[in-house]
Structures are given as C-alpha cells and as structure tokens.
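What follows is a short report on a single structure.
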Amino acid sequence: MLLEMERITKSYGSVIANKGIDFNLKAGEVHAVVGENGAGKTTLMRILYGMEQATSGTVKLNGRDMRFADPKDAIRSGIGMVHQHFMLFPDFTVAENIVIGREPGAVRFDRKTAVAQVEALTNTYGIRVDPRAKVGDCPLGVQQRVEILKVLHQGAEIIILDEPTGVLTPLEVGELLEAIKKLAGMGKSFILITHKLNEVMSVADRITVLRDGEVTGTLNASDTTVEELSRLMVGRELAPSTKKPANPKANVLELRGVSLAGRGPKSLLSDIHLTVREGEIVGVAGISGNGQSELIQSIAGLMKPDAGTISLLGKDVTGGSARALRDAGLAHIPEDRYIWGANKAATVAETGIMGHQNRLGRYGMLRGKGMKTLVSDWVKRFAIKAGSLDNKTQNLSGGNLQKLIVARELAHKTPFLIAAEPTRGVDIGAMETIHEELLKRRAEGGAILLVSSELSEILSLSDRIVVMYEGSIAGELRVEEASEDKLSLLMAGGGMRHE
Amino acid sequence: MNKIGAWLLSLRGPLIAIVIGLLAGSIAIVVAGGSIAETYTEMWKGAFGSFYFFTSTLSRATPLILVAMGAAVAFRSGFFNLGAEGQMAFGGLSAALIGLHVPGPGWFVCIVAMLGGIVAGGLWSAMAGYFDVRFRVNLLITTMLLNYIASLFAGYLVTYPFKDKTGAGAMAQTQMLEHAVWLPKLFKGMTVHAGFIIAIAAVVILYIYLAKSVKGYEARMLGGNPLFAVYGGVRRTSLMLTTMFASGGLAGLAGAAEVLGSQYRYIDGSFASADYAWTGIMAALLANGNPIGSAVGAFFLAALQTGGMGVELNTDVPLEIGSVIQAVLILFITVKFSWRFMRRKKGAVVDGSAV
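Heads up: the sequence lines are chains Z and F, in that order. Each residue of the first sequence is one higher than the last, beginning at 1132 in the numbering used here. Each residue of the second sequence is one higher than the last, beginning at 2 in the numbering used here.
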C-alpha cells in the first residue's frame, strides 16, 4: 500500500470534521473521495497535504509513519495538490509558473532551461501546453494542465485534485479525465475530491464516501452505481423529480434587442431577444464568460444596456436601478454569493434579510423579532447549518450561505426570479431542495430565468433553453429536443442557428 | 451573554493599543528625565484629579465626541469623511454669525445657531458626496482638501467683513455673543456646558440608528459590501448624500457647540490649533466606528490632553508627552488597517472554497 491514513480525527473546538477516517491509496490508482459539503473531504486532504494537523490518527507512506508540518514537507515526500482555485500568477508564462519554487539557474533565473524542462515534462507525460504562453491568456482547461505539470515538476507521486472540473467546459473535462487515466497508467496515484458522481464513475478505480466526517463506504467503481453512491452520501433515497409539463401563460420578462458595448472591441451582449412567461423556467446555458453575467446584471438593474428594451410585467424597466427592478417584481439569486449575495462581516440574520428590510420596519426601526422569525423559518426549511443567527456570515460554509440566499430570494414571492447558478457548491440534498423549490415556484405561476453552467441542471429544470455564445444567443431549443451533445455543440460556437 | 462577550472582545484591540501607547509614553518620559510613576500620576490628576479637572476633561471631550460621531457614521456606511476640520469651521462660524445677527429670545437664537451649524457643516460635507456621485472624485481627497478652502474662507470672513472691531487687539475673530445666547454651563464655575449633553444624546441616537433602524441597517450593509447592498435594493446615492450630510452636520454641530458653549465667538484657527477634528476622527477609527467605543475613545483622548497639561504644570516632563502617546495610537490604527487590508486579500481565496 502506497499511502495509509488510519483513524484520522480532526476537531475544531466542539466541531468534529473527521471522525476516525481510514483511507488508503495504491500505486497507480485513482481513488475518489466523494461527499456532500461539510462531509470532511477537504479537511482530510488538508491533513494529508500538511495544511492542518490531525487531532489523532496516523499517516503512513510506504509503510513509514509520517507527519507533515506544512505543505513543503508533503511535497518533499512526493505529495502534490491541485487546488480548486488555481494558484497561478496570471502575468507569468506557463514555464515560469511550473518551475516556481525550484527555478533552474544558480543566481540568475535561467528561463531557457525552464522552458526545456517543461518541454521534457510535456513529452514524458503527453500533456500539451505552450511553455512560453502567458498564463492569464490561457483558457481554464490549460491552466489546470499547468497546475498538474507544476505538481509533476515538484516530483509528486501522489496527486490530490480538489474539485478539478468545477470551472471546465464539458470538452475540457473529457480531456482532464483522459490525462488522469494516462498518468495513472504511468504509475502516478490520484486522489480525486469531487461531488460529480458521473465523473467519478468514469475515471476512478475505488471510491470512498464520506458523510458527516465519517466513512460510509469504500467501494470498487466497477461494483457500484451512481444511485448507491448518492444514497451513501446523503443517507437516504433521493426523491424523483416532480416536474409537471409547463403551461406557460402571459409574458413576464421581455428583452428586445438588448446590447451592451463593453470596453473592448467585442460587444458583451449583442441583440438579445428573450421572453420568460408565467409558469415557465427558461434555462440559459453557455460556457461561463459568454455574456451570461452581463445578461443577468442588465436585467437585474446592476448594469445599463446600451440599446434595446427590457420590460417586466408589461412595464418598461430598461436602465432602472436594482431597487426599481425589485419593486417591479424581480428577485435575484446572484451568480456569485460572496460578491453580490452577502456581507461577510454582517450576521447571518443581517445577510438574510437583505431586500426584506423595508417590510420588516416599523416606524423606521427594524423589528428584531420579526427578523429572527423570518430567518429561523428558512434555516429550518432549508436545513441551513448556521449555529446562531448572530454568527458572522463568513463563518457559514459556501453551501449553507447559498441556501440562505436562495431562501431569501424565494421569500420575496415575486412574479419573476433570476436564478443564477442556484446550486453552485451545494451538496446533493440541498440541490434537491432548491430544485424542488424552483419547480414549486414554477407551478405557482412564477417565471424563472435559470442561468447555469451545469448542463444537467439546465436539462432537468428548464422548459426552454437558450444557449449563449460570445454575447449573443446561439440557439434556442425546447427541452424535449435538447440533449447534452446538442447543447455542448452550441456552447462551443458550433453553428445550427435556430431561426 | 454571547453578545456581551463579543462586544468585550471588540474592545481588546483598542485596549492593547492604549497599553502600548502608555508603554511608549514611559520610554519618552525616561528620555525626558522624568519619573514614570510620578508623570502618570500627575497625568491622572490633571485629567480626573478633582471635580474641576474632571469637568474640564468632559468639556474638552464634547467636540471630540461630536466629531467622532460624524466620522463614525460615515465610516460605518463605507465612506470616509476627513473634512471635519473645515465642516467644524463653517459650523462654528455660522453659529457665531447667527448668534450675533438673528433677533429673538436667547434660547431660540441658540437653537437656531446650532441648527445653522449643522446645516453649514452638513452641506459642505454633502457637497463632497455630490462630487463623488457626479464626477467620481474620491471622497478621501475631496473631504480633506475642502478643509483648506473652508478654514481659509472662514478665516477671511473674520479677518475682513465680520471682524470684531470693538476690541483693542487685532485678533481675527467675530464679536462676542450676548450672554443670553450661550449654551448654559452644567455646573457653576466649571467649563463643561450643555453641549456635552447634546454630544451624549448624539451617541445614543447614532447607536440606535446604526443598530436598530432600517436605514442604519442599509448603511452598515453598504459599508460592509456595497455591491451586496445595491443588489439588495439599497439606494446608494441618496443614502450617501444623507450620510455625508449627517457626518458633516455632526462636525458642524461640534463647532457650533464650541462657539456657543465655551468660546462665545468664532476665533480664526482656534479649532485647528486644538486639533479637535483629527483627534475626533482618530477616536472613531480607534473604535472601528462603533458609536459607544468612539465616544469612550474621544473621552480617553481628551483625558490625555488635559492630563498632559497637568504633567506640564507639576513635573519637568513637557506637555507633549500626551502627543507621544497619541502618535503611537495613530501608528497602531495604521497598522490595523494595513493588516486587515492584507488579510482581506489573502482571505478571498479561503472563503470561496467549500469545507
């Protein structure tokens, strides 16, 4: 056995993140660690990588007891980690990023040798990058390859990948999984932390499932199914979707010829026509950065379009403020919960009531009791682990904050809702709850614009799907005629204009 | 219980700063050849040693608290108002001119003069806010540079058109206000005046506004994450203009209270030489804009200054010992802000990742 972690326990005060976890890894194996948010996956890996010290338990590498004081220690022992958020210098070249920390050259940084080393690496492992390209100019898929090459350059035998596919396009995901398989074939071992079970099934040899800090199963990928894994993760059967056929009525949101110029030569949005009707979910698919953010912000009153009109419930709201839009009947689950959705320094209750503050006021004073009742109700309904409502928002985990934001925006009970990446980073159980709530709103006659980079989410919730590519709508499909393949093709800019 | 604990914890930073300030002061005392124990005893006596000294400290704290409240309300809403000096000058001058020229019973004129001070300081400050909205000029810069314009213009007014020509001296100042217009003293023979009560009222009102009111909630959210507030429907422009008006208005009120309660005329440069504005801003920064903490800070800084005078009178250590301690505190505030700034940059990555 290459790596053995035995009875690993980690507690932070009264919170136990890992409870007696056993985990092992064979040479040349891809071992996936799956679990909901807060199940303890990341904590376990941080212990292995020397970023945290276990409260108790042992780590053995090739049969020898090890204790890593910091990541440098772990790297020296051949353990490398690719973080969920890339740790690269965008202004430096690919080669410079890869050799960082062990640059060739005695005094002067010898860039030529660096490039040669990187070329040698790419030849050995068959991972293609251009050593001289600037990292900031590379697509995310290439940046990920740079991260993997960096770890290989450090001499890693064990490579930890933390949620590696979150930011990648479907095509890039395929390439990454291929690369993992190839490297495993050359004897490298992988630990893959993820919550995407389909990817796990296609690449992993073994799978360890964590729930609430404990191992609920270690299985061979060939002996298990996605259903079994999700049952182990959630601890119960997932209910089948309750979506009924749509019965859309009057137009709620109408965009006519909306365009946004932007600073560069390319326009951010060009000539967008879009309607969302009562009782209908319209999905917006696309690789992130193709104008979805600008579309959302133009509708929500956070950006002013340069041309075109936006009307909500028959009222022209083009260029109105966020306040005006909310007053006109919009609620908005923002795509980035930290930038738009929360004030990290505020309490959970304070972040929770944003947009409801006027309703909660009496003689200009906030009703503390009303505030608490409202937010505790959401905490219960969405099973938000918040501790006290007086806790700081920044202490909530990402998934719990997302649930709080979704609850807050649904509670506005507006005729129109923008749901941008509504389940980003939340666990399966919460995803199910959020999807159910969105469908419920649809059944009540709500109009929902769903923007998501998860094709499965788009396909399971939407009635109609529009695909955005480089700021314009590349195609519109009814969900019955859509498939992942068709959407992927449109997302990549592959023709088939729907007139 | 938990809340009280958190509140006490928030006091930890300022207390450490003060202790280190006193330690640094000790070094300065030794260098100046004095005895540490004796100097601090004299400082304590000078600030609190008798009822007279204590009320002098309160009197000195009055404008500091008002300025601190003004700085705090802006600071908590995410805006910087460094223009207290100019706003105070206009507030004080307006109060003096109203007190001299508006007819009516004394109490009435006094109230109008204070309102006039609020409006003058408030408009001057809101103008900087307008520049930010309209031309995107940084508030930090406008509020600070407008200080010079306000102080020099007020100086011009009392040097030429409104100069007191009755006295023998050539001081640049307005005429003395009539006795009826003065803010009453709280105790006979003591310097502390009704302005102190007004300042305490301002602390209470500001505390309730920030902690309990709908607008105060919006203001704090705007200060914490402006994008979040705007996304949630907070009207940034109107909130900013009213906040800047209130912030400058409180500084203007500080000037008005100082004129009506202790100087009884506007004297060119008197606020600046007492350093009310910057000391008040410092008190607010020391307590992170918490109204009660800022008031305590203002009181402490006032005690340092009155105590410093006691030190000068009774020992060989010079008055500036108070300034040494204050300078160390400023250093501390700077360190705190730079540290938080650096940590925020680092923290961005950590917060985004799941547990």
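Positions of the beta carbon are idealized from the N, C-alpha and C atoms, including for glycine.
Helix, strand or coil: how does DSSP classify residue i here?
i	result
M1176/Z	helix
D1458/Z	helix
L1400/Z	strand
M172/F	coil
N289/F	coil
Y1143/Z	strand
V1642/Z	Past the boundaries of the shown model lies residue 1642/Z; chain Z is included only from 1132 to 1630, so the question cannot be answered.
L330/F	helix
V138/F	coil
A1473/Z	coil
S295/F	helix
S51/F	coil
N1149/Z	strand
E1630/Z	With a pLDDT of only 39 at E1630/Z, under 50, the local geometry of the prediction cannot be trusted, and the value read off the model is given with reservation. It is coil, neither helix nor strand.
A1392/Z	coil
I1515/Z	coil
D1447/Z	strand
K337/F	helix
G224/F	helix
T1478/Z	strand
V32/F	helix
K46/F	helix
V1413/Z	strand
K213/F	helix
Since residue i and residue j should fall inside the 8 Å C-beta cutoff, what is the C-beta to C-beta distance between them, to a whole number of angstroms?
i	j	result
E1167/Z	R1342/Z	7 Å
I66/F	A296/F	5 Å
G225/F	A1477/Z	5 Å
A90/F	S152/F	5 Å
G1181/Z	D1201/Z	5 Å
From the DSSP output, read off the bridge partner residues of residue i.
i	result
F1154/Z	M1136/Z
H194/F	K186/F
G1166/Z	L1341/Z
R1408/Z	N1382/Z
I1290/Z	G1211/Z, F1321/Z
G1492/Z	L1497/Z
R1387/Z	T1440/Z
I1464/Z	A1550/Z
Quick check: what's the CA-CA separation for residue i versus residue j?
i	j	result
G1316/Z	N139/F	58 Å
V350/F	H1216/Z	Confidence in V350/F is poor, its pLDDT being 37 and thus under 50, which makes the residue's placement unreliable; the coordinate value appears in the next sentence. Taking the straight line joining both Cα atoms gives about 7 Å.
F136/F	G71/F	24 Å
L1443/Z	E1611/Z	27 Å
G1366/Z	F132/F	58 Å
L101/F	T160/F	16 Å
A1416/Z	K1312/Z	29 Å
V356/F	N1531/Z	Confidence is the limiting factor: at V356/F the pLDDT is only 24, short of 50, which leaves the residue's position unreliable, though a coordinate-based value still follows. Cα-Cα distance, rounded: 11 Å.
W340/F	F1240/Z	32 Å
K1319/Z	T1440/Z	55 Å
G1144/Z	I119/F	51 Å
I1607/Z	F246/F	According to the sequence displayed, residue 1607/Z carries Glu and not Ile. Cα to Cα, the separation comes out at about 51 Å.
D1521/Z	V1340/Z	33 Å
L1133/Z	K1157/Z	5 Å
G308/F	T63/F	16 Å
S248/F	L320/F	31 Å
V1282/Z	C1269/Z	18 Å
S1424/Z	V1277/Z	27 Å
L184/F	A258/F	8 Å
A230/F	N82/F	20 Å
G270/F	L223/F	35 Å
V382/F	N1474/Z	Outside the displayed span of chain F (2 to 356) sits residue 382/F, for which this structure offers no information.
A1335/Z	H1162/Z	6 Å
G1232/Z	G1194/Z	29 Å
L1299/Z	I1229/Z	20 Å
Any heavy atom of the ligand GTP inside 7 Å of the beta-carbon of residue i?
i	result
H1214/Z	Judged by which ligands are present, the structure shown has none, so any question about the ligand GTP falls away.
(request) May I have a chain-ordered list of the alpha helix (DSSP H) segments no shorter than 4 residues that lie completely inside the region 1534-1617 of chain Z? (result) Correct list: 1559-1574, 1586-1592.
(message) At 4 residues or longer, what runs of the alpha helix (DSSP H) sit wholly inside the region 232-266 of chain F?
(response) As far as the region 232-266 of chain F is concerned, its whole alpha helix (DSSP H) runs of at least 4 residues are 237-259.
(request) Could I get the ranges of all uninterrupted alpha helix (DSSP H) runs contained in the region 1322-1370 of chain Z, with 4 residues as the minimum, in chain order? (result) Whole alpha helix (DSSP H) segments, 4+ residues: 1328-1334, 1357-1365.
(request) Taking only runs that begin and end inside the region 1190-1258 of chain Z, name each unbroken beta strand (DSSP E) of 3 or more residues, in chain order. (result) Entirely contained in the region 1190-1258 of chain Z, the beta strand (DSSP E) runs reaching 3 residues are, in chain order, 1195-1197, 1210-1213.
(request) Starting from the N-terminal side, write out each stretch of the alpha helix (DSSP H) that is 4 residues or longer and does not extend beyond the region 78-145 of chain F. (result) Every alpha helix (DSSP H) stretch that sits fully inside the region 78-145 of chain F and reaches 4 residues is listed by chain position as 85-102, 107-136.
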